[in-house]
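Here's the structure, in structure tokens; my notes come after.
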Amino acid sequence: MPPITGCAYYPEHWPAERWATDAGLMQQAGLSVVRLAEFAWDKMEPQPGVYDFDWLQQAIDTLAEAGLKIVLCTPTATPPPWLTHQHPEICRVEVGGVRVSPGARRQPCGNVPAFRSAARHIVERMAERFGDHPAVIGWQIDNEFGVGETTRCVCDHCRAAFQQWLAEKYGTLETLNAAWGTQFWGMTYHDWSHIPVPGITNEPQSPSMRLDYRRFSSDTWEQFQRMQIDLLRHYSPGRWITHNFMTRHWSLDYWKLAEDLDFVSFDNYPHGVSEPAEVSMNLDLMRSLKRRPFWVMEQQPGPVNWHPYRPPVPPGQVRTWTHQAIAHGAEAVVYFRFRASRVGQEQYHTGLLKWDASLDRAFHEAQTVARDLAELPDLSRPPARVGIVFDYNDLWSIELEPANQNFSYWNLVFAIYRAYWAVNIPVDFVPRGADPAGYDTLIVPAPILIHPGEADTWRAWVEQGGRLIVTFRAGVRESSNIATGGPLPGGGLADLIGARVTDFYSVPPGSYASWPDHRAGSQIGAVTNGRTLAYHTWAETLAPTTAEPLFVYNDGLTAGQAAITRNAIGQGEAIYLGCWPEDIAELARLLEWIPGTASRLQQVSLVDANGAPWRLTLNHSGQRVEGLDGFAIRYQNKIGEA
Ligand code: GAL
């Protein structure tokens, strides 16, 4: 299926007389899908148990008459005022005990029975009414679980649910006490009900408790999602179900949240990230979550209300963003929103239409995209040969105790990703524990938590010719977030990399004067030719057993010791990075993991249905580069032919 485009539409914001005109404009923009209703619970159930779906039926029918297909959303992100009034306990309690107020969105706690039951009812009624409407092709559950730090709640319901979750996980308090090491600061539990949730304390609470609390909070929304999925599967057979995931979001374990969905969707707001490479990284992560194409359920169409500077979006950029998303595996791109809202919190958010219904620039760019797509054959990405492991539990463990306030798991993953992006090497993300079969290279950034057996899986693949690259902070902790009592790196990794970590150091920033000999900017040198690289944030000294050192530390506390090692195994190799090079791309070039020169344009290799190669080139800058205008794109086929 060729990719399609669409928009988010809010018929509840506009008079019914306007809907047909809007549907006609959507057609003119070349859109084929419309997403509806994610914030309209108040209109569908204006009073408890009193339902009004006629307006939505009329809107769906009007849009369907114009040939548009409908994505319906369950409205559980915005419980109506009568519900939060009747049940104030629905609103989340933040660490510190403050209950959030109604009046915005996503205020509910996922564990409050009154909310769960009200959510169940509205979803069931909605699915009953529209589940077999011929224009409805699929469902979006809720909207952006976790947006605005709303995943976690510490209300009494959550505390009880957390204690229950722990009882199911650990079985006995003895097991939990041992797994968490509760004897530290005298925290041995003799009753499940004594176990706390995160709160304001003078010093940090147990990192084991807090890691489990994060897992529990993520599971809460996964269960909430599953409750809705079960209803929709029953009442709306044959329709797909998705949820819209976010940029730079890690309060939810997206690998797990993705499991029950037919495909994931992504809300693509490039102004929410640092640079085009990070947009690509997010898109690749979304494709990887289910190893299949995804939808962009919201695409930024212009300046956004929530950005501190609301920067402009130059001509051409919306079209470029759309093609970038498609090239990374999006099979639909849905612009958010059709028309800029005249009311509410997002009046400064652009749409395809302006407040006065005149056409904004994105309308014309959407039209151009539709024309582009009509002219292109169905293109897909050939499989990536490089995998990067990404894991929310590793991220959480490090976030809870970074041991260097500049240590960001996300930034480490991004630094590695960017080295490959800059030379246009396609990359997939891979979950912990997965078999890397099919990849030539697997990079594992800071796999801090031990997964028993994983090193054996990796070894079997390395023996067959795989290149495994593991970084510092590997195999340090058991899954309950306590340090391993064995050699570092633990979990069998020491044998696999052929080296022991003899010590580890946080590396303070260059301006940190107390440690003049050991701070960012210190250097490592290549054993073969003395080429030097600066490193920052983290440094581990390595004692090779079967590995050969590739780089040694040149100065500071670590001088003379191995920093990067390579262990040849069978037809492959296991490389260990003991420190965080300032320029990972430079390291990758020196070790010949990537070719020599970075490209000034993003290039994506694609294939058509006959297997013929195509190339999409995207200029993410405002300047003309190599014959391509700023924010322009170019598709080429017959690659390699004159
Ligand atoms: C998304 C959200 C939308 C809208 C948009 C604004 O995060 O799902 O409802 O708020 O941001 O950019």
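So the sequence shown is residues 67 to 708, counted in this note's numbering. C-beta: ideal position from N, C-alpha, C; glycine also.
How should residue i be labelled, buried or exposed, when 16 other C-beta atoms within 10 angstroms of its C-beta is the threshold for buried?
i, result
"P359", "buried"
"N348", "buried"
"A708", "With a pLDDT of only 42 at A708, under 50, the local geometry of the prediction cannot be trusted, and the value read off the model is given with reservation. A708 comes out exposed."
"H415", "buried"
"G677", "exposed"
"Q59", "Because the chain here runs from 67 to 708, residue 59 falls outside it and cannot be looked at."
"W205", "buried"
"G395", "buried"
"Y458", "buried"
"Y375", "exposed"
"W372", "exposed"
"E606", "buried"
"G564", "buried"
"P336", "buried"
"N685", "buried"
"S715", "Any answer about residue 715 is impossible in this case: the structure gives the chain only from 67 up to 708."
"T507", "buried"
"V452", "buried"
"F538", "buried"
"Q113", "exposed"
"V116", "exposed"
"E529", "exposed"
"Q249", "exposed"
"Q383", "buried"
"E431", "buried"
"D208", "buried"
"V161", "exposed"
"M67", "exposed"
"E364", "buried"
How many whole angstroms separate the CB atoms of residue i and residue j, which I take to be in contact at a CB cut-off of 8 Å?
i, j, result
"S665", "V489", "6 Å"
"Q390", "T140", "Q390 to T140, Cβ: 29 Å. No contact."
"A343", "Y571", "At roughly 29 Å, the Cβ-Cβ gap does not stay under 8 Å, so A343 and Y571 are not in contact."
"I464", "S274", "With 8 Å as the limit, I464 and S274 do not qualify as a contact, their Cβ atoms being about 14 Å apart."
"L608", "T568", "7 Å"
"C645", "W680", "No, C645 and W680 are not in contact; Cβ-Cβ is about 40 Å, not under 8 Å."
"L418", "A103", "In fact, because the Cβ distance is near 19 Å, the residues do not count as touching under 8 Å."
"A201", "I136", "5 Å"
"L599", "E652", "6 Å"
"I491", "I660", "6 Å"
Just to confirm my understanding: we take residue i, look at its own chain, exclude 5 residues before and 5 after, and list those with CB closer than 8 Å. What are they?
i, result
"A132", "A86, A89, G90, M92, Q93"
"H517", "R498, G499, S545, G557"
"V496", "S354, G453, I454, V455, F456, P502, Y505, L508"
For residue i, which residues of its own chain have a beta-carbon under 6 Å away from its beta-carbon, when the five flanking residues on both sides are left out?
i, result
"E639", "R533, R632"
"V510", "V455, V536"
"W524", "L534"
"W306", "G204, D328"
"E210", "N310, M312"
"V159", "R165, C219, V220, C221"
"L562", "A521, R525, A640"
"G304", "none"
The ligand MG and residue i: does any heavy atom of the ligand fall closer than 6 Å to the residue's C-beta?
i, result
"N348", "Absent from the structure shown: the ligand MG. Ligands present: the ligand GAL."
Note down, in chain order, each residue of its chain lying with its Cβ closer than 7 Å to the Cβ of residue i, except the 5 sequence neighbours on either side.
i, result
"E692", "R666, L667"
"S446", "L672, V673"
"R353", "P359, F360, H394, G395"
"D185", "Before going on, a small fix: residue 185 reads as Ala here, not Asp. Closer than 7 Å at Cβ, skipping near neighbours: T142."
"K356", "A324, F329, V330"
"S259", "Q229"
Between residue i and chain C, is any beta-carbon pair separated by less than 7 Å?
i, result
"V100", "Of the protein chains in this structure there is only one, and it is not chain C."
Decide yes or no for the touch test of the stretch 426-439 against the stretch 469-479: beta carbon pairs closer than 8 Å, at least 3 of them.
no
Would you say the stretch 586-593 touches the stretch 615-623, given that touching needs at least three Cβ pairs under 8 Å?
yes
Is the number of C-beta pairs between the stretch 99-112 and the stretch 430-437 that are closer than 8 Å three or more?
The way I'd put it, the stretch 99-112 doesn't touch the stretch 430-437; fewer than three beta-carbon pairs between them come closer than 8 Å.
Flag this pair as touching only if the stretch 226-244 and the stretch 187-204 have three or more C-beta atom pairs under 8 Å; answer yes or no.
Inter-segment contact for the stretch 226-244 and the stretch 187-204 is absent: fewer than three beta-carbon pairs are separated by less than 8 Å.
Counting beta carbon pairs with one atom in the stretch 121-132 and one in the stretch 142-154, are three or more of them shorter than 8 Å?
no
With a cut-off of 8 Å, do at least 3 Cβ pairs link the stretch 67-79 to the stretch 149-158?
no
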